[in-house]
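Q: If you read the sequences in order, they're chains H, F and L.
For the first sequence, counting from 1, position 614 maps to 614 in this note's numbering; every step adds exactly one.
Take any residue in the second sequence, note its place counting from 1, add 645, and you have its number in this note's numbering.
Take any residue in the third sequence, note its place counting from 1, add 979, and you have its number in this note's numbering.
Note that the Cβ used here is the ideal one computed from N, Cα and C, for glycine as well.
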Amino acid sequence: MRYFFTSSLFIGALGQWLTGYFAYNALTRLRFNLGYDVTPAPWFFRLRNFFGEDITPPGFDEPAMVLATLFSLIGFLLCSGVLTDWLKMCAGQRPHLTHGAQGKPEWTRYINVDVNHKVIGIQYGMSSIFILLVGGLLAILFRLELAMPGLQFLDGDSYNTLFSAHGIIMIAAIFAGVGAMTNYLGPVMVGASDMAFPRLNAFSYWVSVPSALILIAGIFMGGWDTGWVGYPTHSTSTTMAGVQMFLLGFYLNGFSSIASGLNLVVTTIYMRAKGMTYFRMPIFVWAALAASILQMTVTQTVGVALTMVVAERAIGLDFFGAIADPTLVAAGVPTGDPILFQHLFWFYSHPAVYVWILPGLGIISELLPVFSRKPLFGYKWIALSSVGIALVGSIVWAHHMLTSSMEPMWKVPFMISTLFVAVPTGVKFFSWVATIWEGKMRFQTPMLFVLGAISVFLLGGLSGPILGTIATDMHLHDSYFVVGHFHATIFGGFVFPFFAAIYYWYPKMTGRMYNEALGKLHFWIMVPGFWVMSLMQMRVGMQGMRRRIADYGPDLGIAAEQALITVATLAIGWSILIMLYNLVSSARSAEKAPANPWGSRSPEFQSPSPLPEFNYDAPITVVGDPYDYGIEDATYVVVPGAAGD
Amino acid sequence: MSNHKNNSSNTVHFSIIGVLIVVCTLAVYTILTGAVPFTDISIGYGLFEIPQAASAQAQPIDWLFDAHFWLIAFLFAVIVVPLLYSIVVFRQEEGDETDAPHIHGNTALEIAWTVVPLIFVAAFIVWGWQSYFAVLAPSDNEVTIRAQAYKWDWDFYYPEHDNMFSKSIVVPVGQPVLLEMQSRDVIHAFWVPAFRVKQDVFPYDTNALEKNFANADYSSNYDHYKPQIMRFTPIEEGVFRVRCAEICGTSHYAMLAHVFVLSQADYDLWVAGEYKLPADPDFLNAQPGDGYYLDELDDYLNGTGEFDPSAGGDEEPAVEVEDESAAVDGTDES
Amino acid sequence: MSAVAHHDHHDDHHELHNPMEPTRKEQIRMNRMGLWMFCLSEAFLFFAILAARFYLWRDADGAAIRPYLEQGPALAFTVVLLLSSYFMNRAEVAIANDDKKTFSFGMLMTAGLGLVFLLGVIFVEWGLMLPEPHLPVNGGAFAAVFYAMTGMHAIHVVTGVILILIVWNNGRKGLYDSKEHWAVEACAIYWHYVDLVWVFFYPAIYLIGYAVKVPHHSAIISFFM
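(1) DSSP puts F/V906 in a beta bridge; with which residues?
(2) CB F/W822 to CB F/V780, shorter than 7 Å?
(3) Near H/F491, which residues of its chain fall below 6 Å by C-beta distance, leaving aside the five closest residues on each side in sequence?
(4) Mapping DSSP to helix, strand and coil, what is H/R601?
(5) Just verifying my parser: in three-state terms, what is the DSSP assignment at H/L521?
(6) Relative to the C-alpha of H/T621, which residue among H/R272, H/F320 and H/T327 is closest?
(7) F/L824 lies in the beta strand (DSSP E); which residues open and close that run?
(8) Check the Cβ of H/M296 against every Cβ in chain L and list those closer than 8 Å, keeping chain order.
(9) Rounded to the nearest angstrom, what separates L/H988 and H/F130 at their Cα positions?
(10) Could you compute how far the alpha carbon of F/A917 sits from the alpha carbon of F/A910?
(11) Can you say whether H/L344 is buried or exposed, counting buried as having 16 or more other CB atoms within 10 angstroms of its CB?
(12) Taking C-alpha atoms, which residue in H/M538, H/G464 and H/I525 lies nearest to H/L577?
(13) I believe L/V1059 touches L/L1107 by the beta-carbon criterion, under 8 Å. Please report the beta-carbon distance rounded to the nearest angstrom.
(14) Return the residue from the list H/V302, H/P497, H/S394 and H/N253 that minimises the CA-CA distance to H/L294.
(15) Within the same chain, show all residues whose beta-carbon is closer than 8 Å to that of L/Y1126, passing over the 5 residues directly before and after it, in chain order.
(16) H/P282 and H/P63: beta carbons closer than 7 Å?
(17) For H/I558 versus H/M545, is the C-beta spacing smaller than 7 Å?
(18) Identify the residues that DSSP records as bridge partners of F/C889: which are they?
(19) Mapping the DSSP letters down to three states, classify H/R539 as helix, strand or coil.
(20) Answer yes or no: do F/Q827 and F/F835 have a C-beta to C-beta separation smaller than 7 Å?
(21) Starting from the beta carbon of F/V780, find every residue of chain H whose beta carbon is closer than 8 Å, and list them in chain order.
(22) Out of H/F255, H/H487, H/G227 and H/C90, which has the shortest C-alpha to C-alpha gap to H/Q244?
(23) Is the CB of H/W43 under 7 Å away from at least one CB in chain L?
(24) At which residue ranges does the stretch 359 to 421 of chain H contain complete alpha helix (DSSP H) runs of 4 or more residues, listed in the order of the chain?
(25) With C-beta atoms as the reference, is H/F481 less than 7 Å away from H/M538?
(26) Quick one: give me the first and last residue of the alpha helix (DSSP H) that L/M1012 is part of.
(27) When the cut-off is 7 Å and only beta carbons count, does H/P40 lie next to chain L?
(28) Could you name the residues of the stretch 1162 to 1196 of chain L whose beta carbon sits closer than 8 Å to any beta carbon of chain H, in the order they occur along the chain?
(29) Can you give the Cα-Cα distance for H/H234 and H/P338, rounded to whole angstroms?
(30) Can you tell which of H/V567, H/H477 and H/A176 has the C-alpha that lies nearest to the C-alpha of H/W356?
(31) So does the stretch 1067 to 1077 of chain L actually touch the stretch 1181 to 1195 of chain L, counting three or more Cβ pairs closer than 8 Å?
(32) Tell me the DSSP secondary structure of H/M195 in three-state form.
(33) Using a C-beta cutoff of 7 Å, does H/R548 count as contacting chain C?
(34) Residues of chain F with a CB under 8 Å from the CB of H/I357: which are they?
(35) Could you check whether the Cβ of H/G336 sits closer than 7 Å to any Cβ belonging to chain L?
(36) Please determine, among H/L564, H/G222 and H/F203, the residue with the shortest C-alpha to C-alpha distance to H/M148.
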């Protein structure tokens, strides 16, 4: 307990809360003294707690809230100590990287600032699962509401808050999960001892924690009803006070994305082991590289879009046309345009989806050869298809706006580019099938999750073109079909591969083996549960159910399907609790795992479990191709002093 | 294993898979649509059933839906059949710890499954293009209806009938309609599932009106807006629900309106103010299906049956509704 | 050579040794690449704002327009900023030749000119502390994009000036010489980059399109007043 209360996590969170609280009070007082009416009309908000009671402090002031939230982030970063080394550098010192637990118990590394990429990867992973549980809990709450027609225990505002928070919190969880995979695996797979910028890596993680806290706090500080997209002019005019917390939390999470993406790109370029050419990297590194390039670039545009909404709300700059003035219009001064936000937002948010799924698809490609005992079919094609998906995925953004007020002729090019995404995605699917073909498959839990991922991602992929052609999208846009499609792509592209990765590298991370029976139980509850959920979501969307509605009439005849979706959601929730129990209990008492339990050729499995502090005792050398299964004595890496088994 | 033997066993595998793919495609298509292909048999339940089509625009869209269902069924079969076949046939045998054959790729195959999807993509680009512009195409004898969306309701005006105000869209069957839509506050979207078409309604405000719209006369200020346009031609008599499809706040879920598609004779009576419409159909008690009380309404409209107010709405005359709204909104049509 | 290098090895004895630790040379190579990647990333930020400018600042026919602003001061401050890049370059060249005096002078000049630019933006272009700002905050999309462009650029200038002052201070302590001056190089790249951004922003705000005068308001809202 003593270690917890002195940890970066606790002190940081405490510092964040105190900074935010005092900054808000000081700023409100300052602005009051400067003569501002701190409850002026356009910024008049009422804070409500979850039971709808008015808890607005006297003089609630949105601009002060924005600044206080930004200060609170700085408070977290300073108090957690992630900036200490950089501040020392500014003062002219050159602090050494500190390695190891510094005399404390080993577990304390995971709640303190640590520069080791494996520690950071596991930190990301634990955060991801924690945030996933929060988001899942929100989903279960509103799924219970939707199980029957009629409003049972939520009203419009609380439902809207729940689904909006579910969206953005899950996205924070997914980014953390992507961070977990790329941070833990990236450096070790290319044969490096750490990332190119270990301190920046720690910063990436520790900035995502306060941003997630801000998002979660937003639920309790009034909530917001804009969905995760936050389209103006709704987001610029809604009176639910949590919307600024949502915008800022989303925005600050971007810092984490940009920094970690940049870090991984440089690591991949410069820190590959001797002999590891680009086409000899494990396939996951290709996927992570493509995702990181996207992460590092397009994230900036959503930052601009979100800043604009924050500014429009807080200081009245007219980007999106919520505020219009007849004298200005008469003089020929342009007013804002709500569709500008959609362009800037989707220019990021569509590729963001590829940031989430590309590492997951990389995991699928990585694990299939190991469990099929066959080379990855068409390595180069799969590697380049990741880059292809990233490139094509960057020019399809307006297919989220096919029913918007864009000119019809401008929608057509986006329909065309969207359909082209099918080609590199198809290459991946066909290559996976060809990899499995004639493979001597073993069906341990990671392989099951990989196969589950393929099946679910197939569901998501096949429901894609129907949304891409404009005419059919006119029926399906903003319907529950989109919800089903989206969840299928994200579960297939991220959640299932992430779970596969957790099971697969669990012995590498902990040195112990998870419980195989519980892992299989998790799988056999989750996959059917997900199929039912997703297909039923698509079905009700086809029949006319809109997304983001708190209630639906029985006139659509979808009550039975809704109940089924809720049951399936609960099944998925329980299966994830089973996984958590498995992971926690196995970490304590399960049998010790060998260095290479799966017979993998990947370099990290040639080093002991758990991995040593610097991954390898000496630089490794790559002498062959990564997936030469089926050739007796083909060597991929030479790891000096490896404990061969 | 000799090369020759390998080839012949592969031929067997591929033949089985080819047959299974055909079977699987047909099966998946049947499950998706509820209709057995190339026959008139219906299995009564389609996973991706679409509501009954009630507009002319639904025809090109439904044709494209059907093409997509075939694509989904085929691609599903192409991936899943070999996948399951491999899992069943090639799985690791008990005690076999050896690796599988070393097949690292096949360039011809890779090119094939890059180029063949390109052909599909090209086909769907053409079909998508054609159906989209078929949906957008204007007709000669269009009637214009102006829709105003606001949190959380719809207003409709008939410029060709002296800007007549209505809380519902009322159109004669077969009459092409041009909807000009505008929003007073945030983005909304107009969607009638049975018509298939959807259009977001943006708050484009080219003359920067007062946002305090409660007292504004929007029918006369219409020209200051840049409207969004949507076309539909109802081909079935009945009542259809307009659903707002873009999240717009607290009561987004309840932002509904109705489209009454009447016969030409009934429509003329309605325009003359002599026709009764159910003013506020209580949808929570209605029957399933998007045109959910078609039968009852048909009886009601034709005077041949009883329309149960508790099941479908009350029998207030439309005129009275207009008066109420006029009082609230300050509109001055009579 | 420098004091810091000795300091490094003081409390090293209980540290774990990394067998694959990048050498200083390798690390600087990665730092350089990282900085360029950062510039690429930032390019998307400025690109997005520029896109907003060209999307919003149009008249009814779609032709580009711009707000009517005074040209003289803006041109002067632009010259100041570009001039600062020259001194930044002098400072970098000087430290590469162990000329510490010119280095210090160049760094201070750069920071000073940057500061002048910054004050110019805030007090003259924004009209802060003037009785009436040139563009009122509620001046439609003109004001919105104008403050977004100048503000986002100004934030980068502020961080640049702070970085330059930190590096100048560390240089004064003797941390940099001809062999080891990555921090100076990083400052220079960043500063030139920020200048380059202004080279794109300046014409976008002041030159492209025809000028439309923003009418004076009865009720001017200014957050900054």
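A: From the atom records:
(1) For the purposes of this step, residue 906 of chain F is identified with residue 261 of the second sequence, where counting begins at 1. Per DSSP, the beta bridge partners of F/V906 are F/V816 and F/G883.
(2) In the second sequence, residue 822 of chain F corresponds to position 177, counting from 1. In the second sequence, residue 780 of chain F corresponds to position 135, counting from 1. The sequence as given places Val at residue 822 of chain F; Trp does not occur at that position. Remark: C-beta atoms of F/V822 and F/V780 do not approach each other more closely than 7 Å.
(3) If you number the first sequence from 1, residue 491 of chain H lands on position 491. The residues are V456 and F530.
(4) Residue 601 of chain H sits at position 601 when you count from the first residue of the first sequence. Coil, per DSSP.
(5) What you label residue 521 of chain H is simply residue 521 of the first sequence in a count that begins at 1. DSSP places H/L521 in helix when its eight states are reduced to three.
(6) Stepping through the first sequence from its first residue, residue 621 of chain H is reached at position 621. Comparing alpha-carbon positions, the option among H/R272, H/F320 and H/T327 lying closest to H/T621 turns out to be H/R272.
(7) Here residue 824 of chain F refers to the residue found at position 179 when the second sequence is read from its first residue. In the DSSP assignment, F/L824 falls within the beta strand (DSSP E) that extends over V822 to S828.
(8) Residue 296 of chain H sits at position 296 when you count from the first residue of the first sequence. Simply M1016, L1019 and S1020.
(9) For the purposes of this step, residue 988 of chain L is identified with residue 9 of the third sequence, where counting begins at 1. For the purposes of this step, residue 130 of chain H is identified with residue 130 of the first sequence, where counting begins at 1. Because the pLDDT of L/H988 is 41, which lies under 50, any placement of that residue in the model is unreliable, and the number read from its coordinates should be weighed accordingly. Cα to Cα, the separation comes out at about 40 Å.
(10) Numbered from 1 along the second sequence, position 272 holds the residue referred to as residue 917 of chain F. Numbered from 1 along the second sequence, position 265 holds the residue referred to as residue 910 of chain F. The straight-line gap from Cα to Cα measures roughly 11 Å.
(11) One-based indexing of the first sequence puts residue 344 of chain H at position 344. With 16 or more other Cβ atoms within 10 Å, it is buried.
(12) Residue 577 of chain H sits at position 577 when you count from the first residue of the first sequence. The residue from H/M538, H/G464 and H/I525 with its alpha-carbon nearest to that of H/L577 is H/I525.
(13) Here residue 1059 of chain L refers to the residue found at position 80 of the third sequence. Here residue 1107 of chain L refers to the residue found at position 128 of the third sequence. So it is not a contact: roughly 18 Å between Cβ atoms.
(14) Locating residue 294 of chain H in the first sequence gives position 294, where the first residue counts as 1. Closest by alpha carbon: H/S394.
(15) By one-based count along the third sequence, residue 1126 of chain L stands at place 147. Excluding residues within five positions, the ones whose Cβ falls inside 8 Å are W1105, L1114 and V1116.
(16) Reading the first sequence from its first residue, position 282 is the one you call residue 282 of chain H. Reading the first sequence from its first residue, position 63 is the one you call residue 63 of chain H. Contact flag unset, no.
(17) Here residue 558 of chain H is taken as the residue at index 558 of the first sequence, counted from 1. Here residue 545 of chain H is taken as the residue at index 545 of the first sequence, counted from 1. Yes; because the gap between Cβ atoms is below 7 Å, this pair is in contact.
(18) Reading the second sequence from its first residue, position 244 is the one you call residue 889 of chain F. Answer is F/F835.
(19) To locate residue 539 of chain H, count along the first sequence from 1; it is residue 539. Helix, per DSSP.
(20) Numbered from its first residue, the second sequence carries residue 827 of chain F at position 182. Numbered from its first residue, the second sequence carries residue 835 of chain F at position 190. Between F/Q827 and F/F835, the C-beta spacing is not below 7 Å.
(21) Along the second sequence, read from residue 1 onward, the residue named residue 780 of chain F stands at position 135. Under the 8 Å cutoff, chain H gives A471 and M474.
(22) Along the first sequence, one-based indexing puts residue 244 of chain H at 244. Comparing Cα-Cα distances from H/Q244 to each of H/F255, H/H487, H/G227 and H/C90, the minimum goes to H/G227.
(23) As a first step, residue 43 of chain H must be located in the first sequence, where it is residue number 43. Bear in mind that a pLDDT of 32 at H/W43, under 50, signals an unreliable position, so the number given afterwards is only what the model happens to contain. Taking Cβ atoms only, chain L never reaches closer than 7 Å to H/W43, which makes this a no.
(24) With a minimum length of 4 residues, the continuous alpha helix (DSSP H) runs that stay inside the stretch 359 to 421 of chain H are 379 to 393 and 408 to 420.
(25) The residue given as residue 481 of chain H occupies position 481 in the first sequence. The residue given as residue 538 of chain H occupies position 538 in the first sequence. Using a Cβ distance threshold of 7 Å, H/F481 and H/M538 count as a contacting pair.
(26) Working through the third sequence from its first residue, we reach residue 1012 of chain L at position 33. Judged by DSSP secondary structure, L/M1012 falls within the alpha helix (DSSP H) whose first and last residues are R1003 to L1035.
(27) Position 40 of the first sequence, counted from the first residue, corresponds to residue 40 of chain H. At H/P40, the pLDDT of 34 sits below 50, so the modelled position is not reliable; the number obtained from the coordinates is stated separately. So no, H/P40 is outside the interface.
(28) Residues are counted here when their Cβ sits less than 8 Å from a Cβ of chain H; for the stretch 1162 to 1196 of chain L these are V1191, K1192, V1193, P1194 and H1196, given in chain order.
(29) As a first step, residue 234 of chain H must be located in the first sequence, where it is residue number 234. As a first step, residue 338 of chain H must be located in the first sequence, where it is residue number 338. C-alpha separation (whole angstroms): 9 Å.
(30) Taking the first residue of the first sequence as position 1, residue 356 of chain H is located at position 356. Nearest to H/W356 by alpha-carbon distance, out of H/V567, H/H477 and H/A176, is H/A176.
(31) No: the two stretches stay apart, fewer than three of their Cβ pairs being nearer than 8 Å.
(32) As a position in the first sequence, residue 195 of chain H is number 195, starting the count at 1. It is coil, neither helix nor strand.
(33) Looking at the structure shown, chain C is missing, and the protein chains on hand are H, F and L.
(34) Taking the first sequence and counting its residues from 1, the one referred to as residue 357 of chain H is at position 357. Within 8 Å Cβ-Cβ: nothing; H/I357 doesn't reach chain F, min ~17 Å.
(35) As a working note, residue 336 of chain H is residue 336 in the first sequence. Closer than 7 Å to the CB of H/G336 there is at least one CB belonging to chain L.
(36) As a position in the first sequence, residue 148 of chain H is number 148, starting the count at 1. For H/M148, the nearest C-alpha among the options comes from H/L564.
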